[in-house]
Amino acid sequence: MTDDKVHLHWNLQDTGVELESSCRLCAVVLQSVQKVSFQQTSLNMSCRKAVTSASSNFSLQSLRHLLILSSLCYLISGFSERDRAHHLMTTYPLIDGHNDLALQLRIHHNNRLSQIDLHDVSKLATDITRLQAGHVQAQMFAVYVMCGAQEKDAVRLTLEQIDVIRRMCTKYQEFELVTSAQELKNSKKIACLISIEGGHSIDSSLPALRMFYQLGVRSMALTHTCNTPWAESSSKLYSVYQRQNNSLTHFGKAVVEEMNRLGMIVDLSHTSWETSLAVLNHSKAPVIFSHSSSYSICNHGRNVPDWLLLELKKKRGLIMVNLHSKFISCRDEANISHVADHFDHIKKVIGAEWLGIGGDFEGAVSFPKGLEDVSKYPALIQELLHRNWTEGELADVLRRNFLRVFEEVEQVRNELNSIPPSEVQIPMEEVQNPCRLVLRPPDPRGLPSDQGPSSGPPGLLILAIVLLPSSVFLIE
Numbered sequence: 001m002t003d004d005k006v007h008l009h010w011n012l013q014d015t016g017v018e019l020e021s022s023c024r025l026c027a028v029v030l031q032s033v034q035k036v037s038f039q040q041t042s043l044n045m046s047c048r049k050a051v052t053s054a055s056s057n058f059s060l061q062s063l064r065h066l067l068i069l070s071s072l073c074y075l076i077s078g079f080s081e082r083d084r085a086h087h088l089m090t091t092y093p094l095i096d097g098h099n100d101l102a103l104q105l106r107i108h109h110n111n112r113l114s115q116i117d118l119h120d121v122s123k124l125a126t127d128i129t130r131l132q133a134g135h136v137q138a139q140m141f142a143v144y145v146m147c148g149a150q151e152k153d154a155v156r157l158t159l160e161q162i163d164v165i166r167r168m169c170t171k172y173q174e175f176e177l178v179t180s181a182q183e184l185k186n187s188k189k190i191a192c193l194i195s196i197e198g199g200h201s202i203d204s205s206l207p208a209l210r211m212f213y214q215l216g217v218r219s220m221a222l223t224h225t226c227n228t229p230w231a232e233s234s235s236k237l238y239s240v241y242q243r244q245n246n247s248l249t250h251f252g253k254a255v256v257e258e259m260n261r262l263g264m265i266v267d268l269s270h271t272s273w274e275t276s277l278a279v280l281n282h283s284k285a286p287v288i289f290s291h292s293s294s295y296s297i298c299n300h301g302r303n304v305p306d307w308l309l310l311e312l313k314k315k316r317g318l319i320m321v322n323l324h325s326k327f328i329s330c331r332d333e334a335n336i337s338h339v340a341d342h343f344d345h346i347k348k349v350i351g352a353e354w355l356g357i358g359g360d361f362e363g364a365v366s367f368p369k370g371l372e373d374v375s376k377y378p379a380l381i382q383e384l385l386h387r388n389w390t391e392g393e394l395a396d397v398l399r400r401n402f403l404r405v406f407e408e409v410e411q412v413r414n415e416l417n418s419i420p421p422s423e424v425q426i427p428m429e430e431v432q433n434p435c436r437l438v439l440r441p442p443d444p445r446g447l448p449s450d451q452g453p454s455s456g457p458p459g460l461l462i463l464a465i466v467l468l469p470s471s472v473f474l475i476e
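Take the sequence shown: its position 250, counting from 1, is numbered 250 in full-length UniProt numbering, and each next residue is one higher.
Here it is as structure tokens:
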């Protein structure tokens with residue numbers, strides 16, 4: 001379009017009234033929004049002015065034409081906000097904090113990537129085509145292992161889920177595995193970040209945590225729907241490790257410290273409020289809620305209350321709003337307006353600098369109308385623009401806030417680089433696992449098994465002694 005040649009020329013034969021000058025204002029507003037400057041403009045106000053200007057030239061019998069003009073301006077306003085949303089997301093593409101695509105690959109295809117084309121997966125909410133349509137430039141792919149695997153084969157299953165994400169992000173040229181904030185910023189593809197969803201995946205082992213980091217994991221939620229021996233879940237679904245003073249044990253603090261030392265983001269989604277507060281008080285680095293919403297808007301235990309949001313702000317952390325309907329409206333159904341209410345409330349409490357988006361697609365089962373899959377993210381940004389969020393605020397929400405947190409986590413890692421890897425082990429009496437062996441010879445001081453350091457149950461120690469010679473043989 002050219003500057004002065006935007007005309008919506010209406011010749012109304014029945015009244016002889018020409019509305020060109022009145023409608024031009026709406027068209028000029030539309031054109032100005034399409035320019036790169038993106039100055040904040042109240043489109044609805046502009047349309048109202050256009051209608052008011054036109055009405056002065058109308059007789060009562062022309063009222064229907066006034067209504068037509070009003071409708072036209074309303075449509076122009078909507079198209080303008082939609083265009084602004086897409087342009088903004090082209091400039092600041094989304095970093096999405098949580099997606100369970102890897103879980104669906106296991107459920108439907110047993111991790112056989114050869115059975116699926118990820119460019120088009122109509123039965124899911126996520127595929128490459130829709131990620132691109134939704135302006136998703138980076139996706140935190142969750143490594144999820146069910147709580148039933150805790151202290152059984154959780155580590156093996158975690159390795160298999162890390163493997164399928166790594167293979168997926170290597171197989172498709174549209175993806176790129178990244179492991180640092182700088183790689184994330186530099187990526188021209190859909191950047192893949194790996195996160196672990198539940199501390200039971202490390203089987204209370206700091207060496208396992210370190211090996212997961214070496215494989216590319218850059219974030220871990222301390223719990224899922226089950227407690228671990230060292231941290232407490234927001235869910236009471238499982239009875240295991242429900243005991244007093246379990247919000248964050250001595251070993252739990254060691255996990256947080258080692259994550260800080262490694263440069264791994266601590267994720268508090270799914271943890272209890274008590275555990276979240278304990279971590280916020282103990283962590284040296286910012287932390288995130290990768291997929292949680294506002295408790296004040298929807299009082300679900302997975303959401304975050306205002307007092308905890310204020311503590312999160314003190315730690316320079318981030319809450320990435322979950323889109324699951326039950327966490328948004330506390331019902332099975334929700335809409336985009338309900339989602340925007342969470343953003344508005346959290347912004348009012350702590351500001352837009354501490355907000356992000358963690359959709360939870362492929363993990364949750366119901367999503368708001370208009371946000372049914374990853375291609376629909378621009379509709380959410382359009383709604384926030386309609387609510388007078390600035391482009392700067394939305395650029396923060398879309399990506400800049402997460403990048404800041406990631407960079408600050410890495411900065412803390414660099415400050416701790418002189419500290420050696422932690423050798424803290426969880427006490428055997430804190431773990432309810434009969435398969436956990438103590439592979440070492442009897443105490444040379446002749447102490448009874450229950451008095452030796454890090455001693456386990458006597459039966460396990462005897463079994464370890466029996467197995468020790470064959471273990472040594474195998475090592476050799």
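Yeah, the Cβ is synthetic: ideal placement off N, Cα and C, and Gly gets one too. The structure displayed is predicted, hence computed values, not measured ones.
1) Measure the Cβ-Cβ separation of residue 248 and residue 278 and say whether it is below 9 Å.
2) Should residue 375 and residue 84 be called a contact, given that it needs their Cβ atoms to be closer than 9 Å?
3) Considering residue 407, what are the terminal residues of the alpha helix (DSSP H) in which it resides?
4) Less than 8 Å between C-beta atoms, sequence neighbours within five positions excluded: which residues of the same chain meet that for residue 345?
5) When DSSP labels each residue in this structure, what does residue 45 get in the three-state scheme?
6) Who pairs with residue 192 in a beta bridge, going by DSSP?
7) Here's a check: name, in chain order, each residue in its chain whose Cβ is nearer than 7 Å to the Cβ of residue 421, leaving out the five neighbours to either side.
8) What would DSSP say about residue 219, mapped onto helix, strand or coil?
9) Considering residue 346, what are the terminal residues of the alpha helix (DSSP H) in which it resides?
10) Considering residue 381, what are the terminal residues of the alpha helix (DSSP H) in which it resides?
11) What residues match up with residue 263 in a beta bridge as DSSP calls it?
12) Got a sec: is the Cβ-Cβ distance from residue 99 to anything in chain B below 9 Å?
13) Please determine, among 184, 230 and 133, the residue with the shortest C-alpha to C-alpha distance to residue 404.
14) Indicate whether residue 351 and residue 292 have their beta-carbon atoms separated by less than 9 Å.
15) Consult DSSP for residue 119 and reduce its assignment to one of helix, strand or coil.
16) Using only alpha-carbon positions, find the residue among 240, 230, 191 and 107 that is nearest to residue 148.
17) DSSP has residue 228 in a bridge; who is on the other side?
18) May I have the straight-line CA-CA distance separating residue 360 from residue 188, to the nearest angstrom?
19) Which stretch, first to last residue, makes up the alpha helix (DSSP H) that contains residue 198?
20) Compare the C-alpha of residue 141 against each of 163, 108 and 336 and name the closest.
21) For residue 482, does the three-state DSSP call read helix, strand or coil?
From the atom records:
1) Taking the sequence shown and counting its residues from 1, the one referred to as residue 248 is at position 248. Taking the sequence shown and counting its residues from 1, the one referred to as residue 278 is at position 278. Against a cut-off of 9 Å, the Cβ pair of residue 278 and residue 248 comes out as a contact.
2) Along the sequence shown, read from residue 1 onward, the residue named residue 375 stands at position 375. Along the sequence shown, read from residue 1 onward, the residue named residue 84 stands at position 84. Taking 9 Å as the cut-off, the Cβ atoms of residue 375 and residue 84 do not count as close.
3) As a first step, residue 407 must be located in the sequence shown, where it is residue number 407. Its alpha helix (DSSP H) spans residues 401-415.
4) Along the sequence shown, one-based indexing puts residue 345 at 345. Residues 294, 296 and 297 of the same chain have their beta carbon placed closer than 8 Å to that of residue 345, with the five preceding and five following residues left out of the count.
5) Locating residue 45 in the sequence shown gives position 45, where the first residue counts as 1. Model confidence at residue 45 stands at a pLDDT of 43, short of 50, so the residue's coordinates are unreliable and nothing is read from them.
6) To locate residue 192, count along the sequence shown from 1; it is residue 192. Residue pairing by DSSP places residue 192 opposite 139 and 177 in a beta bridge.
7) As a first step, residue 421 is located in the sequence shown; it is residue number 421 there, counting from the start. Correct list, in chain order: 210.
8) Against the sequence shown, residue 219 aligns to sequence position 219. Under the three-state reduction of DSSP, residue 219 is assigned to strand.
9) The sequence position of residue 346 within the sequence shown is 346, counting from 1. Per DSSP, residue 346 is one residue of the alpha helix (DSSP H) stretching across 336-350.
10) Here residue 381 refers to the residue found at position 381 of the sequence shown. Where residue 381 is concerned, the enclosing alpha helix (DSSP H) starts and stops at 377-386.
11) The sequence position of residue 263 within the sequence shown is 263, counting from 1. The bridge partners DSSP lists for residue 263 come to none.
12) Chain labels in this structure do not include chain B; a single protein chain is all it has.
13) Translated into the one-based positions of the sequence shown, residue 404 becomes position 404. The shortest Cα separation from residue 404 among 184, 230 and 133 belongs to 184.
14) Numbered from 1 along the sequence shown, position 351 holds the residue referred to as residue 351. Numbered from 1 along the sequence shown, position 292 holds the residue referred to as residue 292. No; because the gap between Cβ atoms is not below 9 Å, this pair is not in contact.
15) On the sequence shown, residue 119 is found 119 positions in, with the first residue counted as 1. Here residue 119 sits in coil by DSSP.
16) Start at 1 with the first residue of the sequence shown, and residue 148 comes out as number 148. Looking at the Cα atoms, 240 is the closest of the given residues.
17) For this step, residue 228 is matched to residue 228 along the sequence shown. Per DSSP, 231.
18) Sequence index remark: in the sequence shown, residue 360 carries index 360 (1-based). Sequence index remark: in the sequence shown, residue 188 carries index 188 (1-based). About 23 Å.
19) Translated into the one-based positions of the sequence shown, residue 198 becomes position 198. No alpha helix (DSSP H) contains residue 198, which DSSP labels as neither H nor E.
20) Here residue 141 refers to the residue found at position 141 of the sequence shown. For the residues 163, 108 and 336, the minimum Cα distance to residue 141 belongs to 163.
21) Outside the shown range of the chain, which is 1 to 476, sits residue 482, and nothing can be said about it.
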